[in-house]
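For reference, the structure discussed in these notes is given below.
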Amino acid sequence: MFMVKHLLAGRYLLEEQIAAGGMGEVWRARDEVLQRPVAVKLLHDSLAGDDKAAERFRREALTAAQISHPNMANVFDYIEEDGTPGIVMEYVPSQTLAQHLAQKRMPIAEAVRIADDVLSALDRAHGAGIVHRDIKPANILLTPTGDVKVTDFGIARTLSDASLTQTGTVMGTAHYSAPEQVRGESATPATDVYSVGVVLYEMLTGERPFTGDTPIAVAMARLTDDPPHPRLLRESIPETLDAVVMRALARDPLDRYTSAAEMRGALDAAFGSPLEATGVLPIDPDETMVLGRAPEALKPPRRGTVGDAVPPAWFGKRVAKVLVPLILIALLAWGLVAATAGPTTTKVPQFVGVSLSSAQSMAKRDRLVLHTQSAPSNTIAPNIVMRQSLTPGTVLKNGAVVTLTISSGARPCCSVPDLTGMKQADAQKALDGIGLVLGSVAYQITPGTPDGTVVSQYPSPGQHLTAGQPVYIVLAGPPHPTPSPKHHHGKGGEG
Numbered sequence: 027m028f029m030v031k032h033l034l035a036g037r038y039l040l041e042e043q044i045a046a047g048g049m050g051e052v053w054r055a056r057d058e059v060l061q062r063p064v065a066v067k068l069l070h071d072s073l074a075g076d077d078k079a080a081e082r083f084r085r086e087a088l089t090a091a092q093i094s095h096p097n098m099a100n101v102f103d104y105i106e107e108d109g110t111p112g113i114v115m116e117y118v119p120s121q122t123l124a125q126h127l128a129q130k131r132m133p134i135a136e137a138v139r140i141a142d143d144v145l146s147a148l149d150r151a152h153g154a155g156i157v158h159r160d161i162k163p164a165n166i167l168l169t170p171t172g173d174v175k176v177t178d179f180g181i182a183r184t185l186s187d188a189s190l191t192q193t194g195t196v197m198g199t200a201h202y203s204a205p206e207q208v209r210g211e212s213a214t215p216a217t218d219v220y221s222v223g224v225v226l227y228e229m230l231t232g233e234r235p236f237t238g239d240t241p242i243a244v245a246m247a248r249l250t251d252d253p254p255h256p257r258l259l260r261e262s263i264p265e266t267l268d269a270v271v272m273r274a275l276a277r278d279p280l281d282r283y284t285s286a287a288e289m290r291g292a293l294d295a296a297f298g299s300p301l302e303a304t305g306v307l308p309i310d311p312d313e314t315m316v317l318g319r320a321p322e323a324l325k326p327p328r329r330g331t332v333g334d335a336v337p338p339a340w341f342g343k344r345v346a347k348v349l350v351p352l353i354l355i356a357l358l359a360w361g362l363v364a365a366t367a368g369p370t371t372t373k374v375p376q377f378v379g380v381s382l383s384s385a386q387s388m389a390k391r392d393r394l395v396l397h398t399q400s401a402p403s404n405t406i407a408p409n410i411v412m413r414q415s416l417t418p419g420t421v422l423k424n425g426a427v428v429t430l431t432i433s434s435g436a437r438p439c440c441s442v443p444d445l446t447g448m449k450q451a452d453a454q455k456a457l458d459g460i461g462l463v464l465g466s467v468a469y470q471i472t473p474g475t476p477d478g479t480v481v482s483q484y485p486s487p488g489q490h491l492t493a494g495q496p497v498y499i500v501l502a503g504p505p506h507p508t509p510s511p512k513h514h515h516g517k518g519g520e521g
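Numbers given in my numbering equal positions in the sequence shown, counted from 1, plus 26.
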């Protein structure tokens with residue numbers, strides 16, 4: 027691994043290691059060309075030769091470079107030095123939200139503001155078709171000026187890309203993963219919403235919604251249990267805010283907010299918005315109507331000659347009394363129709379990754395007609411849109427048809443084998459052979475059982491799963507600690 031004062035790519039001078047995690051380490055460095063501080067994230071030497079790890083690392087740089095937002099750390103460069111890839115990004119003097127939470131109890135307003143900024147960044151990512159998949163306090167930075175930065179897109183992926191699902195593990199962090207991640211299903215924007223719900227719960231109460239002695243226990247709890255309402259732990263939390271958190275933590279993705287934008291709107295409504303603070307109602311532009319040019323005054327009847335059918339003067343006055351109101355009514359009706367007719371064209375929204383019910387609501391809002399078809403998927407949860415026939419942003423006439431392909435879920439593939447007594451490598455081989463994956467591994471001191479052998483598992487033997495779903499195991503032996511970030515001011519680590 028590299029040392030202080032090493033010059034990377036002939037440009038970036040390493041000054042101090044500021045974080046370390048499971049995949050790599052982060053350094054504060056100086057860009058010798060532009061004369062500015064930067065953060066450099068380097069892949070661990072042990073993983074540099076791993077093609078999948080290197081590809082995931084490269085994908086993080088590409089993913090983060092695709093999107094720019096005030097609440098995201100900007101990516102400047104991608105480098106390779108002696109076979110080790112690195113990502114050069116904006117240096118953010120800061121502390122992680124995890125460090126902040128460890129120091130003091132957070133005011134409710136501050137918790138809501140941070141959640142709002144995180145959701146704003148995620149809304150930008152989701153709009154680009156990218157799901158973060160690992161939102162947690164260690165990946166949220168707070169600057170001295172109060173700015174919020176979401177970092178670490180290391181396991182993010184596009185909604186349509188299943189190529190980087192890691193074999194033998196479930197992506198995400200046990201305390202903040204959504205139930206569908208625990209089940210090994212594909213992540214959607216609602217997955218990030220769940221993780222934000224967990225983070226907001228922790229900011230408001232000082233407690234995580236689910237606890238357990240092992241990662242497996244924590245993961246399994248969220249599949250079957252609902253957490254205590256935040257108001258039970260902190261009475262000053264408004265009921266409306268409590269409801270927002272609980273909806274974000276719904277076990278079924280279809281019961282959550284379907285997007286970061288929707289949850290942001292719910293937070294504003296629950297905790298107050300700038301509109302409520304001013305007490306001034308906005309002017310609806312549709313309220314002002316131009317009725318058109320006023321009708322000209324009726325001219326007096328011209329003088330006629332003998333034989334002309336000249337009506338008497340009283341006739342013209344009566345006609346005017348009847349026609350003028352009729353003309354005004356007609357003009358008013360025309361103005362109302364013109365004001366309410368709306369545009370004749372619309373843009374195709376991003377349907378991929380949302381639930382069918384949400385897609386139907388979006389289509390109604392945008393005056394589109396949906397045609398749906400279903401297809402099985404081992405990576406995308408049932409009732410989630412997998413594909414759409416037209417690219418988001420395409421301009422269509424109102425009433426145009428868009429075809430969506432909806433996931434019908436995975437076909438059952440196999441029965442869970444009995445892994446008891448196996449070594450970890452043998453257990454993984456047994457699962458790989460039938461299309462299942464090895465989930466989280468925990469340890470438990472078990473007298474009389476050789477260390478490193480399976481003593482329990484979940485799901486139990488004989489249960490039927492679909493391809494790609496995880497099986498969790500507990501091995502005999504003392505706990506194996508996982509790497510944790512070395513926290514300093516700077517970019518958060520991977521822990």
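A virtual CB, placed ideally from N, CA and C, is assigned to each residue, including glycine.
Problem - Supposed contact pair residue 480 and residue 445 - C-beta distance, whole angstroms, cut 8 Å - result: Counted from its first residue, the sequence shown places residue 445 at position 419. Counted from its first residue, the sequence shown places residue 480 at position 454. Going by Cβ atoms, the distance from residue 445 to residue 480 rounds to 5 Å, so yes, they are a contact pair.
Problem - beta strand (DSSP E) runs contained entirely in the segment 85–129, provided each spans 3 or more residues - result: Secondary structure remark: continuous beta strand (DSSP E) runs of at least 3 residues inside the segment 85–129, in chain order: 101–107 and 110–116.
Problem - Sufficient close CB pairs (3 or more, under 8 Å) joining the segment 125–143 to the segment 228–239 - result: Result yes; three or more Cβ-Cβ pairs closer than 8 Å.
Practice task
Please go through the same chain and pick out, in chain order, the residues whose beta-carbon is closer than 6 Å to the beta-carbon of residue 296, but skip the five residues on each side of it.
Solution key: Numbered from 1 along the sequence shown, position 270 holds the residue referred to as residue 296. Only 266, 267 and 270 meet the Cβ criterion.
Practice task
Measure how close the beta-carbons of residue 234 and residue 224 come, nearest whole angstrom, since I'm counting them as under 8 Å.
Solution key: In the sequence shown, counting from the first residue as 1, residue 234 sits at position 208. In the sequence shown, counting from the first residue as 1, residue 224 sits at position 198. Going by Cβ atoms, the distance from residue 234 to residue 224 rounds to 7 Å, so yes, they are a contact pair.
Handout entry: DSSP state of residue 381 mapped onto helix, strand, coil
Key = Locating residue 381 in the sequence shown gives position 355, counting from the first residue. Strand, per DSSP.
Exercise for the section: Could you tell me which residues DSSP puts in a beta bridge with residue 371? Expected result: Numbered from 1 along the sequence shown, position 345 holds the residue referred to as residue 371. Paired residue(s): 423.
Problem - CB contact flag (residue 282, residue 292, <8 Å) - result: For the purposes of this step, residue 282 is taken as the residue at position 256 of the sequence shown. For the purposes of this step, residue 292 is taken as the residue at position 266 of the sequence shown. Their beta carbons are not under 8 Å apart, which means residue 282 does not touch residue 292 by this criterion.
Exercise for the section: Give the DSSP-derived three-state secondary structure of residue 500 in the structure shown. Expected result: Taking the sequence shown and counting its residues from 1, one reaches residue 500 at position 474. It is a strand residue.
Practice task
Buried or exposed for residue 459, please, with buried defined as at least 16 other CB atoms from any protein chain shown within 10 angstroms of its CB.
Solution key: As a first step, residue 459 must be located in the sequence shown, where it is residue number 433. Burial call: exposed.
Exercise for the section: Taking residue 140 as part of the beta strand (DSSP E), name the residues at either end of that continuous run. Expected result: Working through the sequence shown from its first residue, we reach residue 140 at position 114. Counted as a single uninterrupted DSSP element, the stretch harbouring residue 140 is not any beta strand (DSSP E) but the alpha helix (DSSP H) occupying residues 134–153.
Handout entry: the segment 236–249 in contact with the segment 461–478 per 3-pair CB rule at 8 Å
Key = The answer is yes - the segment 461–478 touches the segment 236–249, with three or more Cβ pairs under 8 Å.
Practice task
Starting from the N-terminal side, write out each stretch of the alpha helix (DSSP H) that is 4 residues or longer and does not extend beyond the segment 188–259.
Solution key: Counting only unbroken stretches of 4 or more residues, the alpha helix (DSSP H) elements lying wholly within the segment 188–259 are 205–208, 215–231, 241–250 and 256–259, in sequence order.
Problem - Own chain residues within Cβ distance below 7 Å of residue 333, not counting five before or after - result: In the sequence shown, residue 333 corresponds to position 307, counting from 1. Note on residue 333: pLDDT 43, under 50, position unreliable in the model; the coordinate value appears next. Counting only Cβ-Cβ distances below 7 Å, and skipping sequence neighbours, we find nothing.
Handout entry: CA-to-CA distance, residue 31 to residue 259, given in whole angstroms
Key = Here the question's residue 259 lines up with position 233 in the sequence shown. Here the question's residue 31 lines up with position 5 in the sequence shown. Each residue's alpha carbon lies about 49 Å from the other.
Practice task
Determine contact between the segment 209–219 and the segment 113–124, defined as no fewer than three beta-carbon pairs at a distance below 8 Å.
Solution key: The segment 209–219 vs the segment 113–124: no contact.
Problem - Nearest-angstrom Cα separation, counted from residue 201 out to residue 545 - result: This structure gives no information on residue 545, because the portion of the chain shown stretches from 27 to 521.
Practice task
Can you check DSSP and say which residues form a bridge with residue 283?
Solution key: Your numbering for residue 283 matches position 257 in the sequence shown. Answer is none; residue 283 lacks a bridge partner.
Practice task
State buried or exposed for residue 409, treating a residue as buried only when at least 16 other CB atoms are found within 10 Å of its CB.
Solution key: In the sequence shown, the residue the question calls residue 409 occupies position 383. In the assembly as shown, residue 409 is a buried residue. Its beta-carbon has 16 or more other beta-carbons within 10 Å.
Handout entry: Burial state of residue 34 (16 or more Cβ within 10 Å)
Key = Taking the sequence shown and counting its residues from 1, one reaches residue 34 at position 8. It is buried - the Cβ of residue 34 has at least 16 other Cβ atoms within 10 Å.
Problem - Continuous alpha helix (DSSP H) stretch holding residue 271: start and end - result: Taking the sequence shown and counting its residues from 1, one reaches residue 271 at position 245. Where residue 271 is concerned, the enclosing alpha helix (DSSP H) starts and stops at 265–274.
Practice task
Tell me whether the beta-carbon of residue 461 lies closer than 8 Å to the beta-carbon of residue 493.
Solution key: Counting from one through the sequence shown, the residue named residue 461 turns up at place 435. Counting from one through the sequence shown, the residue named residue 493 turns up at place 467. For residue 461 and residue 493, yes; Cβs fall inside 8 Å.
Exercise for the section: Indicate whether residue 215 and residue 378 have their beta-carbon atoms separated by less than 8 Å. Expected result: In the sequence shown, the residue the question calls residue 215 occupies position 189. In the sequence shown, the residue the question calls residue 378 occupies position 352. Cβ atoms of residue 215 and residue 378: not closer than 8 Å.
Problem - CA nearest to the CA of residue 205, picked from 504, 500, 495 and 376 - result: Residue mapping note: residue 205 aligns to position 179 of the sequence shown, counting from 1. Considering only alpha carbons, the answer is 495.
Problem - residue 424 Cβ short of 7 Å to the ligand ADP heavy atom set - result: Only the bare structure without any ligand can be found here, which leaves the ligand ADP out of the picture.
Practice task
Classify residue 452 as helix, strand or coil using the three-state DSSP reduction.
Solution key: Numbered from 1 along the sequence shown, position 426 holds the residue referred to as residue 452. When secondary structure is reduced to three states using DSSP, residue 452 falls in the helix class.
Practice task
From the DSSP output, read off the bridge partner residues of residue 399.
Solution key: Start at 1 with the first residue of the sequence shown, and residue 399 comes out as number 373. Its beta-bridge partners are 431.
Exercise for the section: Determine the direct distance from the alpha carbon of residue 382 to that of residue 430, and round the result to whole angstroms. Expected result: Stepping through the sequence shown from its first residue, residue 430 is reached at position 404. Stepping through the sequence shown from its first residue, residue 382 is reached at position 356. Spanning the two alpha carbons is a distance of roughly 9 Å.
Handout entry: Cutoff 7 Å; reference residue 114; Cβ partners in own chain excluding five residues on either side
Key = Locating residue 114 in the sequence shown gives position 88, where the first residue counts as 1. Excluding positions up to five away in sequence, the list reads 38, 64, 66, 102, 103 and 105.
Exercise for the section: Verify whether the separation of the beta carbon atoms of residue 434 and residue 401 is less than 8 Å. Expected result: Taking the first residue of the sequence shown as 1, we reach residue 434 at position 408. Taking the first residue of the sequence shown as 1, we reach residue 401 at position 375. Contact: yes.
Exercise for the section: Give the straight-line distance between the Cα atoms of residue 96 and residue 43, rounded to the nearest whole angstrom. Expected result: As a position in the sequence shown, residue 96 is number 70, starting the count at 1. As a position in the sequence shown, residue 43 is number 17, starting the count at 1. Going by C-alpha positions, residue 96 is about 25 Å away from residue 43.
Problem - Proximity below 8 Å, CB of residue 160 to CB of residue 178 - result: Counted from its first residue, the sequence shown places residue 160 at position 134. Counted from its first residue, the sequence shown places residue 178 at position 152. Going by C-beta atoms, residue 160 is nearer than 8 Å to residue 178.
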